[in-house]
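Accompanying notes for the structure given below.
There are 6 protein chains.
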Amino acid sequence: DFLRALEEVHPLFGVSEEDLERAVEGGIIHFSPHIDKILKNGRDFVNQVKTGTTPLLSVLLHGPHGSGKTALAAKIAMESQFPFIRLVRPVDMVGMNEIQKIQHLSKIFTDAYKSPLNVLVLDNIELLVDWVPVGPRFSSAVLAALKGLMENKPPKGRPLLIIATTSERTVLQQLQMYFKMQIPVPNVQTQAELGVIMRDSGLFSDSDVQRAIGEIEESVGGRGVGVGVQQVLLCMQTAMQDQDRTGRFVEVLGEAIADNGGMGGG
Amino acid sequence: DFLRALEEVHPLFGVSEEDLERAVEGGIIHFSPHIDKILKNGRDFVNQVKTGTTPLLSVLLHGPHGSGKTALAAKIAMESQFPFIRLVRPVDMVGMNEIQKIQHLSKIFTDAYKSPLNVLVLDNIELLVDWVPVGPRFSSAVLAALKGLMENKPPKGRPLLIIATTSERTVLQQLQMYFKMQIPVPNVQTQAELGVIMRDSGLFSDSDVQRAIGEIEESVGGRGVGVGVQQVLLCMQTAMQDQDRTGRFVEVLGEAIADNGGMGGG
Amino acid sequence: DFLRALEEVHPLFGVSEEDLERAVEGGIIHFSPHIDKILKNGRDFVNQVKTGTTPLLSVLLHGPHGSGKTALAAKIAMESQFPFIRLVRPVDMVGMNEIQKIQHLSKIFTDAYKSPLNVLVLDNIELLVDWVPVGPRFSSAVLAALKGLMENKPPKGRPLLIIATTSERTVLQQLQMYFKMQIPVPNVQTQAELGVIMRDSGLFSDSDVQRAIGEIEESVGGRGVGVGVQQVLLCMQTAMQDQDRTGRFVEVLGEAIADNGGMGGG
Amino acid sequence: DFLRALEEVHPLFGVSEEDLERAVEGGIIHFSPHIDKILKNGRDFVNQVKTGTTPLLSVLLHGPHGSGKTALAAKIAMESQFPFIRLVRPVDMVGMNEIQKIQHLSKIFTDAYKSPLNVLVLDNIELLVDWVPVGPRFSSAVLAALKGLMENKPPKGRPLLIIATTSERTVLQQLQMYFKMQIPVPNVQTQAELGVIMRDSGLFSDSDVQRAIGEIEESVGGRGVGVGVQQVLLCMQTAMQDQDRTGRFVEVLGEAIADNGGMGGG
Amino acid sequence: DFLRALEEVHPLFGVSEEDLERAVEGGIIHFSPHIDKILKNGRDFVNQVKTGTTPLLSVLLHGPHGSGKTALAAKIAMESQFPFIRLVRPVDMVGMNEIQKIQHLSKIFTDAYKSPLNVLVLDNIELLVDWVPVGPRFSSAVLAALKGLMENKPPKGRPLLIIATTSERTVLQQLQMYFKMQIPVPNVQTQAELGVIMRDSGLFSDSDVQRAIGEIEESVGGRGVGVGVQQVLLCMQTAMQDQDRTGRFVEVLGEAIADNGGMGGG
Amino acid sequence: DFLRALEEVHPLFGVSEEDLERAVEGGIIHFSPHIDKILKNGRDFVNQVKTGTTPLLSVLLHGPHGSGKTALAAKIAMESQFPFIRLVRPVDMVGMNEIQKIQHLSKIFTDAYKSPLNVLVLDNIELLVDWVPVGPRFSSAVLAALKGLMENKPPKGRPLLIIATTSERTVLQQLQMYFKMQIPVPNVQTQAELGVIMRDSGLFSDSDVQRAIGEIEESVGGRGVGVGVQQVLLCMQTAMQDQDRTGRFVEVLGEAIADNGGMGGG
Ligand SMILES: Nc1ncnc2c1ncn2[C@@H]1O[C@H](COP(=O)(O)OP(=O)(O)OP(=O)(O)O)[C@@H](O)[C@H]1O
Ligand SMILES: Nc1ncnc2c1ncn2[C@@H]1O[C@H](COP(=O)(O)OP(=O)(O)OP(=O)(O)O)[C@@H](O)[C@H]1O
Ligand SMILES: Nc1ncnc2c1ncn2[C@@H]1O[C@H](COP(=O)(O)OP(=O)(O)OP(=O)(O)O)[C@@H](O)[C@H]1O
Ligand SMILES: Nc1ncnc2c1ncn2[C@@H]1O[C@H](COP(=O)(O)OP(=O)(O)OP(=O)(O)O)[C@@H](O)[C@H]1O
Ligand SMILES: Nc1ncnc2c1ncn2[C@@H]1O[C@H](COP(=O)(O)OP(=O)(O)OP(=O)(O)O)[C@@H](O)[C@H]1O
Ligand SMILES: Nc1ncnc2c1ncn2[C@@H]1O[C@H](COP(=O)(O)OP(=O)(O)OP(=O)(O)O)[C@@H](O)[C@H]1O
Ligand SMILES: [Mg+2]
Ligand SMILES: [Mg+2]
Ligand SMILES: [Mg+2]
Ligand SMILES: [Mg+2]
Ligand SMILES: [Mg+2]
Ligand SMILES: [Mg+2]
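Residue numbers (the numbering used here), protein chains in the order written: chain A, 737 to 1002; chain B, 737 to 1002; chain C, 737 to 1002; chain D, 737 to 1002; chain E, 737 to 1002; chain F, 737 to 1002.
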């Protein structure tokens, strides 16, 4: 509404080709069979669209903050090797008003309608419509446009796979944004999974891992870990500043786990 | 409101003549006597208008998400063979502001006032007025215009049949949008109905159908199927990617049924 | 608010002289003494204004949806044979913004101030101020203007009778729109009244009427009919498409009665 | 807000000098000692301002709809014989936007600041700020301006008496509009008071009055009359259309009394 | 918002130098030790700023409507004899839009930043941000600006004392407007205090005062007087119109006390 | 919204280089081990970013009003000796509209993207998005922009440390503003801590400190002090105006402590 006065519609920050790659910069660690299942499902949906069976398919990856949704969506999109792949992120629309956002989104879809095989990643889709839980507030206009665009059958021979991500699944239900398929993306849940990630990093010896898992088990007990893979990787980085890497890792990860349900968590 | 700055009123996406045909692309499978009843009623209303008995008749097709409302409305409209038939969809108004939407709708009605026999399909009519349950929000201006247009008696000799569809019947009541006649469009409700659809597809052998029905019966028990025909057809498409077509169909349909009342359902 | 950009204030749809006549196209059937009482009261108010006793008189016809308010108001207005008679309907203001609506209404009143005897019919007055129960929403500006206009004493020698109609009497109370006089317009309430209407149509034999009344009595029992004369006339039209006219009439009227309190009703 | 586009600030309807006189067109009938008390108090406040003791005095006349507030305020203002007297009514601002309303009100006050003795009648002051109980809604901007203007000390030697009227005293409290003095204006409350008014009209013989009072006493019993003098006068006018003047008067007044607490009442 | 179209930012009513003096026109009557305490505290804060100990100090005078806040704030400001003293009142901003109000306030602060010693009186500070309890409503933009300005450290060598007044202390808490220091300003609370004010006026003999106090004690009993000094002074003015000055004073003051908690009160 | 008309985007008040220094003008008194811990943590985060381990790190300093958040954030930022350090304060955006605020913030981030090492201090971050608890209100547009900017990975080789401060941590949770790390900043909590601050000032002798602590202990008892270091310093300044410095200090600090939970407190 307010941005009405802005004249130019191009994003403040370029939508560079490396965006998709940067989204999986931290790699995909196969710390749980869920990860493999998600990627396999993704490949199946890609095929369903590629073979023309389903000309329009929308899939929702939903899970807690930092659980790896964007990385997984980007991975599936890149592996499709479709000629047209676009990552659509809220930050790309900073500084746009509602009209400009709608034009921006419409352009992405009409661009897709020109390519023979298409995949769009709508990252944090609730933020694309400017959702804020306080109020709640959101842009009805962008929402209406996005719903219209997502349900619009593409022209013949232009099949389209839409992969959306969200940590606010119930919000999408309230907004009546429908998806044909849904895939949950879970947090790191067990000490074993944590161990896989620690080992994968190459920063910890086996005994470090044993010690860390043991200490964390002590503090969280039977409740499970329940923290996003993103946060686990950050805690490792913080721990690297310390002499007692393992001790510091356990400390900051412990705080992160305790904070969950709080600000830093899902 | 926000789109105020847009100068052009033409829809972003052309209102092509094939729209009506594409709406029934998946065909009309006569999986239940309800389907025949709906189509017969539709023909009767077409006649009541055609003969000039009732110069203005509004009919509402209401039912759960994906139950086939749009396909049935399009079917009735096409079968009327009236010289003027228009499908009005929310996506056709993406990128329009409120004035433009009102002008767009007014033009459709005034166009109809020039033709001797007219049928308008107002698809997902609650979305035409930008309804969002959160808030709730909607466009009062478009609503007022649409109510005015729908209750405006057409000029003599220009009878008009309005067929609206909605999955939000109570919303229309709250908005005091009145219809002269109403037709419910039900979900696929019994295993037998499911069997008809499976057989119609030509993808499953009789024993496949038996097995599928049996397994689904087991999981849903006496509660009935309760899923839209649209979702059933999609599940078949997904199942086709799999070697064990029947098994996969049962699996994804099961998830769809379980999700009902949830995001993917009615 | 939204229509701000529109430049022209003339109504999208012409305010033709036939509007009043079309409002009573279905005739006035004297199916109950209430109808005669309403018309007599109307004539008295016309006289009170005509004789100059009361230079400004506002009357409200209120009753359920389809009970015949507009037809009766139009009838009273036409019978007055005043030189200036205007029917003001919400549809006449479709496509106007708030300023334009206020200008439109102000012009109607100032036009009236030039004629020696005036009657204005403000049809569905709650819609003239864009009332929607969801919210609720309405145009404060148009409301303030209309209240001001309705309470403004006309110039000497320009007596003015205002007849408003509404199916939302309590809304008008909440909006503090005051009327000097009020007349209730009831639904068709008894089987006997229904019989009068059926006979008046010339479509049913006496035994048809007996049968219909009997069958309806059975289904509604002692609760009374409770449906608008408008709906009764429509049901007759629908019944005409059927071989068993009477049976079909009973069927669709039965649905209409059952729906009452629902969408199609008052 | 919406009227923003309007360029001219002059009222749609001229603020004629006869406005004050027309406000007391029905005369002031001394049907109760309250009436005399109100007028005396008014004269005292006029003097307090005239003598310069109090350079700024605001008085509120509050009472039910139709109780005679405007007529009494106009009477007090006219009797002051101050050189500058202005009646400010909501209808005078129909078609103005908020800026224009503020400019209009500011101009009235600055005009007053030029005259040696001033009285302003702010009629239905809650409507001057566009108050609607639904919401509630009102114009914060006009309210802020009016509060500022009402509390602004006039220049030396320009004493100002402000007489406001309202039927929404609690609203003014909620809006924190303060008045130095307040005067209640009651309804016609007793049969005796009613008799005074009937006799004053010269339309009824003594026995008519007896009969009317008797019949009304019967229906309202000990509850008192409780109707505005304005409504009583209107009922007389309606009764004049009838042969049995007294009977008809009792009938329509009875309806008015019954309606009280309803739409037509206070 | 609405005033957007206004081009000029200068106040409708000039900010004359006599404003401060007029604010204490009624004098400061030392009717209670609280008054002396308030003035002494004020002098201390003036010194704290004058000596440069505290370069930015904000003080809030809070108390009931009419208790004398503005007069006391003006008194403290004038006694400081600082080279730059400004009284900022809501009425000075009538007819300004939000931008203009922010510019107006910003200019006052930047003007202060040029003078070696500064005191600003922000009178009825909740009205400066257009606070209305119904809603509640207020101008977020002006609020944000005022908070920013009030917490902005002035340039070195430009100490600033801010004295705000309010009768809505809890509102300021809700708006998170913080003040370093707070001073309560009480109503006239005892008969003795009332006697001081009566005597100070020179209008009443000692026996008049005795009689008045006695009669008021009778009616209010042990509850105390509880009325603002402003109202007491007005009641005296009204009483002067009457022969029985004392009797009339007791009468109108009694009404004022009874009204308290009502419209005329704090 | 309202400031739309403003043409220039530069801040009303210059963003001078001394801003950071002025924020720690009162010094950092090491009155508790918490202070040292906060500063050490700050240094660690600075290193984590400096070494490139974490290219984007956001840290939240949260604590009661006046607890020293801004001073500590400024201290950490200055000690980093990064080439690009910016303090972003609400007052810097007074007089900007939403677009301008977004542009202002975007420019700060894009400026940072040009420097090899960056630290931004987002002071009172909830006010940067115009948060007001009444409503609550806030700028969705600025919020969306700020969230986008804060989560946008800077270009390679441009690591960025964001230090935000707030006294409204739960608000940030509600607004879903996430931070990687969080540091609480406590109030002065014990008499011992108070003693350190008093001694640090050089204004009180040891026996003064003993006396003050003793008297305060008496009044607050076991509940602890619970007042911000900022308020303690102000109370000392006020006390300096008095002969009995210690007595006055105890008095005003006592009021401040009592007020806590009230307006002047956290
Ligand atoms: N198995 C995995 N799945 C997903 N991400 C992984 C996995 N293993 C490692 N990662 C890394 O973890 C990070 C996950 O962060 P990502 O931004 O994808 O989470 P997110 O759920 O999208 O977070 P947000 O809720 O903030 O959008 C990425 O850096 C990714 O490379
Ligand atoms: N008997 C049937 N009735 C309706 N549709 C059928 C039937 N048999 C098959 N179909 C196919 O099922 C699909 C129904 O989808 P359709 O879009 O009409 O559902 P809908 O109720 O309008 O969904 P939505 O709630 O999303 O608007 C169409 O592809 C249609 O061709
Ligand atoms: N006695 C009657 N009173 C009113 N209308 C009658 C009567 N007899 C027949 N009619 C016909 O019935 C119809 C009544 O419809 P009308 O539009 O007046 O109802 P309404 O109450 O105004 O409906 P709505 O609530 O939709 O405005 C008209 O076509 C009218 O000619
Ligand atoms: N004693 C009286 N006091 C007031 N009005 C009287 C009295 N006697 C007769 N009248 C007449 O009664 C009418 C009162 O109407 P008026 O418009 O003043 O009422 P009101 O209270 O202002 O109504 P509203 O609430 O609609 O503003 C006037 O026509 C007036 O001339
Ligand atoms: N001791 C006193 N303190 C304050 N005002 C006094 C005192 N004695 C006399 N007065 C007079 O009483 C009046 C107080 O009115 P003032 O406008 O200051 O009250 P206020 O509290 O600011 O009212 P409001 O709530 O309307 O802003 C002034 O005219 C002042 O000169
Ligand atoms: N240990 C300390 N920590 C922080 N500030 C200190 C400390 N010792 C002294 N100070 C001084 O105390 C003051 C703290 O005020 P500051 O503005 O930083 O508080 P704040 O928590 O940011 O307040 P606000 O909630 O108003 O933003 C500064 O003047 C600072 O120099
Ligand atoms: Mg993500
Ligand atoms: Mg549909
Ligand atoms: Mg009608
Ligand atoms: Mg009046
Ligand atoms: Mg004051
Ligand atoms: Mg701070």
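Heads up, the beta-carbon is just placed ideally off N, CA and C, and yes, glycines get one too.
Next item on the list: Select from 874/B, 860/B, 872/B, 876/B the residue whose C-alpha is nearest the C-alpha of residue 805/B.
Entry: 860/B
Next item on the list: Tell me the start and end of each unbroken alpha helix (DSSP H) in the stretch 858-924 of chain F that is at least 4 residues and wholly inside, in chain order.
Entry: 861-864, 876-887, 905-910
Margin query: Strictly below 9 Å CB to CB, what residues from chain D border residue 935/E?
Written below: Correct list: empty, because the minimum Cβ distance to chain D is about 19 Å.
Notebook entry, point to check: In the DSSP assignment, what are the bridge partners of residue 792/C?
Noted result: 896/C
Next item on the list: Inspect the CB distances between the stretch 986-997 of chain F and the stretch 965-972 of chain F and report whether three or more fall short of 8 Å.
Entry: yes
Note to self: Counting beta carbon pairs with one atom in the stretch 861-879 of chain B and one in the stretch 914-922 of chain A, are three or more of them shorter than 8 Å?
What the structure shows: no
Check: Residues in its own chain within less than 7 Å of residue 982/C by CB, not counting five upstream and five downstream?
Finding: 940, 944, 947, 948
Notebook entry, point to check: Could you check where the alpha helix (DSSP H) with residue 695/B kicks off and where it finishes?
Noted result: With chain B running from 737 to 1002 in the structure shown, residue 695/B is simply not present.
Note to self: DSSP three-state label for residue 798/C, please.
What the structure shows: strand
Checklist line | Given 8 Å, three or more beta-carbon pairs between the stretch 839-847 of chain E and the stretch 785-794 of chain E | finding: no
Next item on the list: Report the neighbours of residue 910/F on chain A: residues whose CB is nearer than 7 Å to its CB, in chain order.
Entry: 869, 870
Check: DSSP three-state call for residue 854/B: helix, strand or coil?
Finding: strand
Notebook entry, point to check: CB of residue 965/E to nearest heavy atom of ligand 5: below 7 Å?
Noted result: yes
Check: Cβ of residue 754/B versus every heavy atom of ligand 2: is any distance shorter than 7 Å?
Finding: no
Notebook entry, point to check: In the DSSP assignment, what are the bridge partners of residue 820/C?
Noted result: 854/C
Notebook entry, point to check: Looking only at C-alpha atoms, which of 825/D, 826/D, 857/D, 773/D sits nearest to residue 796/D?
Noted result: 857/D
Next item on the list: Indicate the three-state DSSP secondary structure (helix, strand or coil) for residue 830/C in the structure shown.
Entry: coil
Note to self: Under 7 Å, CB to CB, which of the residues in the stretch 811-834 of chain A have a partner in chain F?
What the structure shows: 826, 827, 830, 831
Notebook entry, point to check: Are residue 827/C and residue 893/B closer than 8 Å when you measure CB to CB?
Noted result: no
Check: So with Cβ pairs under 8 Å, would you call residue 764/A a contact of chain B?
Finding: no
Margin query: Any heavy atom of ligand 1 closer than 7 Å to the beta-carbon of residue 926/A?
Written below: no
Margin query: Assuming contact is defined by CB atoms lying nearer than 8 Å, are residue 932/C and residue 774/C in contact in what I supplied?
Written below: no
Check: Can you name the residues of chain I whose CB is closer than 7 Å to the CB of residue 873/D?
Finding: Protein chains A, B, C, D, E and F are contained in the structure displayed, whereas chain I is not.
Check: Distance, Cα to Cα, residue 851/E vs residue 836/F?
Finding: 30 Å
Next item on the list: Sort 878/E, 905/E, 886/E, 937/E by Cα distance to residue 898/E and report the nearest one.
Entry: 886/E
Notebook entry, point to check: Residues in its own chain within less than 6 Å of residue 918/A by CB, not counting five upstream and five downstream?
Noted result: 796
Item checked: Where the alpha helix (DSSP H) through residue 939/B begins and ends -> Residue 939/B -> no alpha helix (DSSP H), and no H or E assigned at all.
Check: What in chain C is Cβ-close to residue 777/B, meaning under 7 Å?
Finding: Within chain C, no residue comes near residue 777/B; the closest Cβ sits about 10 Å away, beyond 7 Å.
Note to self: Considering only their Cβ atoms, is the gap separating residue 801/F from residue 960/F smaller than 8 Å?
What the structure shows: no
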